[in-house]
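As they're listed, the protein sequences go chains H and A. Using my numbering, the letters of the first sequence correspond one by one to residues 1 to 738. Using my numbering, the letters of the second sequence correspond one by one to residues 1001 to 1738. Everything on this sheet refers to the single structure shown next.
Number of protein chains: 2
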Amino acid sequence: MRRDGGGGHEDDGAPGSVVTPSAEFPPLAEDEVGALRRIGEQWCAGDGCPPGPPELPVDPSLRRHRAAPVPSWFGRLAPIAMFEVGDPGELVATEPANVPGSRLGRSLTRIRRGLLGPPLTSAAVLYERMRKLVALPVLSSDLLSSVAYGPEAMLAVLVLAGSGALGLSLPLAAVLAVLMVAVGLSYRQTVVAYPHGAGSYVVATDNLGVRPGLAAAAGLMVDYVLTVAVSVAAGVSAVTSAMPGLARFTVPLGVLIIAVLLAGNLRGVRAAGNLFVWPTYVFVLAIAAVLVVGYVRAGARGFEPVPPPAVSGAEGLGLLLVLRAFASGAVSMTGIEAVSNAVPAFRPPEWRNARTTLGWMIGMLVVLFVGLTVLIHLDGLAPKPDVTLLSQLARVTFPTGPWYGLVQAATALILLLAANTAFNGFPRLLFFMARAGHAPRRFLHMGDRLAFSDGLVALSVAAGVVFVAFRGHTQALIPLYAVGVFLAFTLSQIGMVVHWRRRRNPGWRRRAGVNAVGAVLSGLVLVTAAFTKFAAGAWVVIVAVPLLVLLSLTIHRHYRTLQRSLALHPSPDSRRRRPAVAPAPLLGAEERGAPAEAQELPQQVRHLVVVPVARLNRASLRALAYAVSLGQPTLAVHIAPEDPEADLFREQWEAWGDHVRLEIIVSPYRAVIGPLAHYLEALHVSAPDVLLTVIVPEVVVRRRWHRPLHSRAEQRLRRALQALPGVVVTSLPVHLAD
Amino acid sequence: MRRDGGGGHEDDGAPGSVVTPSAEFPPLAEDEVGALRRIGEQWCAGDGCPPGPPELPVDPSLRRHRAAPVPSWFGRLAPIAMFEVGDPGELVATEPANVPGSRLGRSLTRIRRGLLGPPLTSAAVLYERMRKLVALPVLSSDLLSSVAYGPEAMLAVLVLAGSGALGLSLPLAAVLAVLMVAVGLSYRQTVVAYPHGAGSYVVATDNLGVRPGLAAAAGLMVDYVLTVAVSVAAGVSAVTSAMPGLARFTVPLGVLIIAVLLAGNLRGVRAAGNLFVWPTYVFVLAIAAVLVVGYVRAGARGFEPVPPPAVSGAEGLGLLLVLRAFASGAVSMTGIEAVSNAVPAFRPPEWRNARTTLGWMIGMLVVLFVGLTVLIHLDGLAPKPDVTLLSQLARVTFPTGPWYGLVQAATALILLLAANTAFNGFPRLLFFMARAGHAPRRFLHMGDRLAFSDGLVALSVAAGVVFVAFRGHTQALIPLYAVGVFLAFTLSQIGMVVHWRRRRNPGWRRRAGVNAVGAVLSGLVLVTAAFTKFAAGAWVVIVAVPLLVLLSLTIHRHYRTLQRSLALHPSPDSRRRRPAVAPAPLLGAEERGAPAEAQELPQQVRHLVVVPVARLNRASLRALAYAVSLGQPTLAVHIAPEDPEADLFREQWEAWGDHVRLEIIVSPYRAVIGPLAHYLEALHVSAPDVLLTVIVPEVVVRRRWHRPLHSRAEQRLRRALQALPGVVVTSLPVHLAD
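Written out as C-alpha cells, the structure reads:
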C-alpha cells in the first residue's frame, strides 16, 4: 500500500487517480503478507491452545435455513432473506440489509432515499469517456464562467482611482491574455506528462515532496470553497441585476442554491453529462452575440469610446492599485485545473484529446475576456453596486427584446455549473489526500449513491459559511480568491519543471522552459495578489493555508502511528506458550508472559473474567452464568457503600451457593465506577500478563425517554476502563419488554 | 423490599424516613432469597458445565502484591495502595480510588473538591438530635420568614379596591389566625402519630393510596421550588428596599444567591446547625422590637389609625377580591411541614418535644402575623411597588439610627434560611419517592459529600428558571404559591382522618375531628386559592400537579417492569442441560434449548463467537486470538464492498492459514454496519438458542481531537446490535502510543 504521494504517475501503471470503493480496504503489502504467513504458522502451535473448538452451532452461509425464513425481530423482511448466495460462494447483502433496524433509522433512510434516490451498487461506478465536444462544455464551465465577474473585479479596483483610470483595463487585459496563454501552454504539457490525471496536489507531491503537495492541496481546497461561494454570489447577482426586487433575498437565495447543489451531488448527478453541455454553449453564444452586436454598434460610431460616467477617485492611481486590479482580473483563470484532473475521462488517445480541449478552452477564455473588457471600455461602462457590469453591457447592447434576459439567464446557469465543478473536484481531492493519510479516512467512503457524502457536506458547509459571512457580495470575496488558485498553479508548474529536469527526455529543456515561464508568471500573480489584497481579505487565505498544511501533517502523523501499531509483524513472544491447562497461580514477575495487549496468539492469552455485581438479580446471574460458561477463571466483585451492606450481600451470596470467588470492596465514599476501575487497574498491575474481561450486564430500554431513569453506569464504566490496557469489556444486554 | 408507601409507620420499627446510603442497594425479599437458593442448587448441576475452572491467576485481595507496589498507569498513587484490607476481610477503597483516571477528570475533581470540600465517608451520616431551643429556630425559619411577605401579599390584593378596602385586613387576619391554629393543632396530632417523620407524601400515601400521595408530593415539590423562588425574591426585595440602587440587579442577584445556596448545600451544611440559630432569633427579636415600639407609638396617639394614602380602586370590592386577599395572606403558613418532617431529629421523647416546638412556632407565627397586620393598619401603610411593607413599617418605626438597617438585614437573612429549608426538604422528598420507585433512581444516590447532589441541582435549576421567568417579582409569584402548599396540607389532614378511623384507638373521634377541621379549612383555602388566583398564575400549578403525578406513575410503571424482568425466579428450563462437549450441530427447531437471553445457568449457554474482520492487522489478529483462546466455536465475518476485494481478502486469509471459519459478505452498497447487524440477526434467527458474542477491536485514542479521524464503527455497530436479543458485544481495546 502506498503511503505517500498517492497520485498516479506516467510510469507506474496504477490507476492513481481512479476513484474506487475498495480504497477503504487497501491490500496488504508484500512484507505484511509474509508476516501474516509466519504468524499463521505459530497459531495454536504446541499444546497451549484449547482443544479444537466444537463445530459451529449454526450454518454461517444461512443455506440450511433459507427454506423457512422467520420474520425479522424488527418486523420487516426476514433477515435471512436479506442475503443471497453470490457467485463464488460468498453471501451478498441485498439492499434491505442496509436499512437500519430502529424505527427512527428506517424513517430517516426512507426520507433520504426519497430525496436522493435508491442506493447504487459498486458495479455502477461509471468511467464514462467523453467526446471532445462534450468534454469542452462540461469541463470549461468553471473557467469560462469567471468572465462573468473577472473584468468587473478588475474595473472595480481601477475605478477607485476615478473614472480616468478605467482606461488602464486595456493594457491589463493584454497582460492577462499573455498570462492565460502561458499558463495554458504550461498545463498542456502537464496533461501530456500525467495521463492519469494531474491535479496540482498530485504533481506537487510527486515532484516537490509532501509539504509543497499539501500546500497546493490547501490552496486548492480554499479555491474550491471560494469557487462555490463566488460562483453562487455572481449567479445570484446576475439574477438580481435583472430582477432588483430579489436583491434583499441574496443570502437566503444563495444558501438555497448551495443546498440544492449539495442535494443534487449527494444524489449523484454524474450521469447528467449531457445536461451540462448546453448551458455552457448557450452562455458562450450569448456572450458572443453581445460581443458581435456590441462591436457592430461601436463600429457604427467609428469605435469611438463613450466616456464613462465621471467618478472622482477615492485613492491615488499608484502602482499598487494597478497591481491589485491585475490580481483581481486574474481570478478569471480559476478552473483551468479541471481538464488536467479529468484526463482519464477523455476518449483515447486521452492526452491528445485533453490537450486539444485545453487549447480550445484557453482560446475561448482569451477571446471572451479581452473582447468583453474592450467592449466595456468602448461603451464607457463603470461598475455599479447593484447591477453587474455584464448586465449593464447586455442592457446597452440589447436595449429591447428578450435578449437581455437570455444573457442573464445563461450567465446565472453557467455560474451554477461552475459551482458544481467544485462539488466534483473537492471530494476527489479529499479522497486522494485521505488515501495518502493526509485527510480523515472517512473521505474515502463512498455513500450508497456512490458519492463522497462527507466531502460534499464539508464543502457545502464551508462554502455556506463563507457566503453568509460575506453576505453574498461577490466583489468582497474576490480578494480571497486569487491567492489559493495561484498558489496551486505555481506549485504545480514548479513541480513540472522538476519533473522534466529529473527525466531529461529529449526536448526536456524546452518543456521545462515553458513550465518555468508559467511558474514565474503564476508566482508573480501570487505574490502580487498576496501583497496588494492582504488587508482586503487575502490574509485569511494566507493564514488558512499553513494551518491546513499543519493539520494535514498532524493527521498524517496520527495515521502513521496507527498504522505502525497495527502493522503485522511476527510476535516476538511467539515461541512462548501459554502454560498448560492449570497455570501456576500468581507467577512472580520474572515468570510472567507477554503483557496482555501484546498477546497475539491464542496460546498466549491468559484470561481472568471479572463480573461486577451490584445486586443479585436475573441480570447479574446471567452475567455470572455467561462468565462461568466460558470456562475461564472467574471473579465476582461487589462494591458496597457501607459495612452492613457488605455483610448482607455476602449472606445472599452464600445463600446462592458461593459458586464464584467473590471480592467485596467497601467504598465509603459511595462512588462505584472509580473504585471499580482502580481495582481492575490494581489487578492488572499485579498480573500484567492476564487479560481481564469485565462482563457488564446492560439494561437496554426500548424508549428513549426511559434512559434518564437508569444510571447508565455501564457506559460510565466502559469509559473509565477504556484507558486501561489489557481490560476487555463485554456488554451483556438485558432487554426489557417495554 | 417495600415497593410502595416507602414511609415509616408508628407500628413497624423500620426507620422509614431515615436517609441511608444503602438505599440504593435494597436487600432481597424473602421469596427472592428462596429463588436464589434454588438457582444455586441447579448451578453447574449435571455434566453440562465446563470442567472446574482453573485457579485464579491473581490474588483478588491484592495482599500478595502489597509489598512492592508498582506506580499506577495513570501516573499517580500505585493503584494497589488505593485499597486497604478492612475489618471483616474485605477491601476498603481509600479516597484516592474515587478520583477518575483521566487528566480532565482529575482536574475537574480537584476543582470540585476545592469548592465543596473533601469527600465524606458513609459513616459520617449524622443523626444529630436537636434541643428544642435549637430546633425551634432551625425548623421555623421557613414558617416565620413568610410574615415578611404574607401581610403585604394580602394588602396588595385589597388595595386593588382602593385604600378604603385596606381596613378589611383586620378581620382577614383574624380568620387567618384561626386557620393557623386549626392547622397547627392538626399537625400536632400528625407528629404524635408519625414519630418517624410525617411528610404529607408519607401520610397521604399511607392512608389514602398512591395517587393522593403523589398529588401531595407534587404539591410539595411545587411548594419547595416556590419557597426558594419567593424567599430569594423577598430577600432581594428587603435588600433593595434599603438600597434602591441595587434594584436593577434583582435578577442576577437572585440567581447568584440560588447558586450560593446550591454550592453550600452540595458542600453539605448540615453541621452548621448552630449557625442557623441566631438569624431566626435576631429576626424574631427585630420584628418584636418593631411591634413593641410601633404599638407604644400608636398608644401615644391613642391607637388612632393613620389614614392610608388615598388610592382609587381599580376593581370593585367584591367577595372574590376578599377571598383572593385571604388566599394570598395564607401563604404565611408555608413551612409548617418542617417540624413534622423532622420528628426523628428531636431529642427523646421525640414526639413530645416536636409537638411542643410546633406549638411555640404556631404561637409565634400568629403573634407576628396579626401584630404586623394590625400595626400596618394603625400606621396607615399601603403597598408600594419599590419598597416592601415591612421596610416601610421599619422606617416609620425607626426613622433614625441603625435599627432600620438591622431589621432589613435580619429579614434578608431569615429569608435566605427559609430558602435553605427547601434545599433540605426537596432532595429528601425525592429520595423517598425514588425509594418507592416514583422518581428516577438517581435521586437515591448520595454524592461524596453525603448530599443528594441530583436533587439539589434539580431544585436550583427549577427555582432559578421560575425566578428568572418572574423577573424576581415576589408579588407575581404569590398566586402560584398557595395552591401547592394547601393541596399537600389538605391531603395530609384527610389522611390523618382516615388514619384515626382505621385504628379506632381510644379518643379517635376527637382526634379525627381536629384533623377533619384542619382538612376542611385547608381545603377551603385550596379551593379559594385555585379559583380566585387561577388566571393570575395558579393555573400553572393546577396544570403542573397532575402532570407530575402522571410522570411519577409512568416512572413507577417502568421501574415495575424492570423489577419484574430482573426478579429472581427459578429457571423454568433449569433441568435442561447444555448438550455435552460436542453438541449436535444445527439442531432442528424442536430440539433447541432455551432462547439465548433466557439462559441463566452456565450449562444452558451455547456460544458462538463472531469476529468481524475488516482488514488483517494486529488488532483483528488479536481479536481472533482472543476469540479462539476462549475455546468456543468461532466464526470470522468480512464485509467486502466489491467482489475483487472479497477475493483478495480470501487470499490473505489463506496465506494466514485459514485457522478460523470465514464468511465473506459482499455489500455492494458499501454499507458495513447494516449488513453486519442483519447478518447477526439472521444467525440469531436461524439458531435462537445460541448466544452470539461479537468481538470488536476498538482503537482507543489518547487525544480527544483524534476521534474524528476514526470511523467509530465500533460504537455504531454496538448501537445497531443493542436492540438484538442474544447478542453480546465484547470491546477489545487497542491502545495507541500517541
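Think of the CB as a built atom: it goes at the ideal place given N, C-alpha and C, for glycine as much as any other residue. These numbers come from a predicted model, not from an experiment.
Query, Result
"Taking 8 Å as the CB-CB cut-off, is V92(H) touching chain A?", "yes"
"Go ahead and pull the three-state DSSP assignment for A1567(A).", "coil"
"F25(H) CB to nearest chain A CB: under 8 Å?", "yes"
"If distances are taken between C-alpha atoms only, which option among H1377(A), E1337(A) and E1651(A) comes closest to G1484(A)?", "E1337(A)"
"Using a C-beta to C-beta distance shorter than 9 Å, which residues of chain A count as neighbours of F83(H)?", "I1665, P1675, H1678, Y1679 and A1682"
"Does the beta-carbon distance from Y1679(A) to V1637(A) come in below 8 Å?", "yes"
"Determine the contact status of P79(H) and V1609(A), defining contact as a CB-CB distance below 8 Å.", "no"
"Check whether chain A comes within 8 Å of M221(H), counting only Cβ atoms and requiring the distance to be less than that.", "no"
"I think L172(H) touches F326(H), with their Cβ atoms under 8 Å apart; what is that distance to the nearest whole Å?", "5 Å"
"Determine which residues share a DSSP beta bridge with P1733(A) and list them.", "E1698(A)"
"Kindly list the residues whose CB is nearer than 7 Å to the CB of L160(H), restricted to its own chain and excluding five residues on each side of it in sequence; keep chain order.", "G313, A314, E315 and L321"
"Within its chain, find whatever has a CB closer than 7 Å to the CB of G380(H); leave out the 5 residues flanking it on each side and keep chain order.", "P305, V306, P307 and P308"
"Taking the C-alpha atoms as reference points, what is the distance between V192(H) and R355(H)?", "7 Å"
"Just how far apart, CA to CA, sit E714(H) and A671(H)?", "14 Å"
"Taking the alpha-carbon positions, what's the L450(H) to A1682(A) distance?", "27 Å"
"For A614(H), return the contacting residues in chain A, with the cut-off set at a CB-CB distance below 8 Å.", "F1025"
"In chain H, which residues lie less than 8 Å from A1454(A) when you measure between Cβ atoms?", "The residue asked about is misnamed: residue 1454(A) is Asp in this sequence, not Ala. Going along chain H, no residue has its Cβ under 8 Å from D1454(A), so there is no contact; the nearest lies around 10 Å."
"For the stretch 1093–1120 of chain A, which residues have a beta carbon sitting closer than 7 Å to at least one beta carbon of chain H?", "A1093, E1095, A1097, N1098, V1099, P1100, G1101, S1102 and P1119"
"Can you tell which of H1569(A), R1557(A) and G1518(A) has its C-alpha closest to the C-alpha of L1176(A)?", "G1518(A)"
"Per DSSP, what are the beta-bridge partners of H638(H) in this structure?", "I664(H)"
"What does F1432(A) pair with, by DSSP beta-bridge criteria?", "Note: F1432(A) sits in no beta bridge, so no partner."
"Compute the Euclidean distance between the alpha carbons of L1226(A) and G674(H), then round it to the nearest angstrom.", "37 Å"
"Going by DSSP in three states, R1503(A) sits in which element: helix, strand or coil?", "helix"
"Leaving out the 5 sequence neighbours to the left and right, which residues in its chain are closer than 7 Å to L1115(A) when beta-carbon positions are compared?", "A1263"
"Does the Cβ-Cβ distance between S1145(A) and A1418(A) come in under 8 Å?", "yes"
"Could I get the ranges of all uninterrupted alpha helix (DSSP H) runs contained in the stretch 1265–1316 of chain A, with 4 residues as the minimum, in chain order?", "1277–1300"
"Hey, P1633(A) and L56(H) are a contact pair by Cβ (cut 8 Å); roughly how many whole angstroms apart?", "5 Å"
"Could you tell me whether the Cβ of G6(H) comes closer than 8 Å to any Cβ of chain A?", "Note that G6(H) scores a pLDDT of 36, beneath 50, so its modelled location is shaky; the value from the coordinates is reported in the next line. So, not an interface residue."
"Under 8 Å between beta-carbons, which chain H residues line up against L1608(A)? List them in chain order, please.", "L56, P57 and V58"
"Return the CA-CA distance between V1498(A) and P1137(A), expressed in angstroms with no decimal places.", "32 Å"
"Name the residue from A286(H), Q652(H) and R267(H) whose alpha carbon lies nearest to the alpha carbon of R113(H).", "R267(H)"
"If I measure Cβ to Cβ from N1207(A) and keep anything under 6 Å in the same chain, skipping five residues before and after, which residues do I get?", "G1495, V1498 and H1499"
"Are any of the Cβ atoms in chain A nearer than 8 Å to that of G40(H)?", "yes"
"Determine the chain H residues that contact P1440(A) at a beta-carbon separation under 8 Å, and present them in chain order.", "P708 and L709"
"Expressed to the nearest angstrom, what Euclidean distance is found between the alpha-carbon atoms of A436(H) and P1252(A)?", "54 Å"
"What number of angstroms, rounded off, separates the C-alpha of H735(H) from the C-alpha of V701(H)?", "7 Å"
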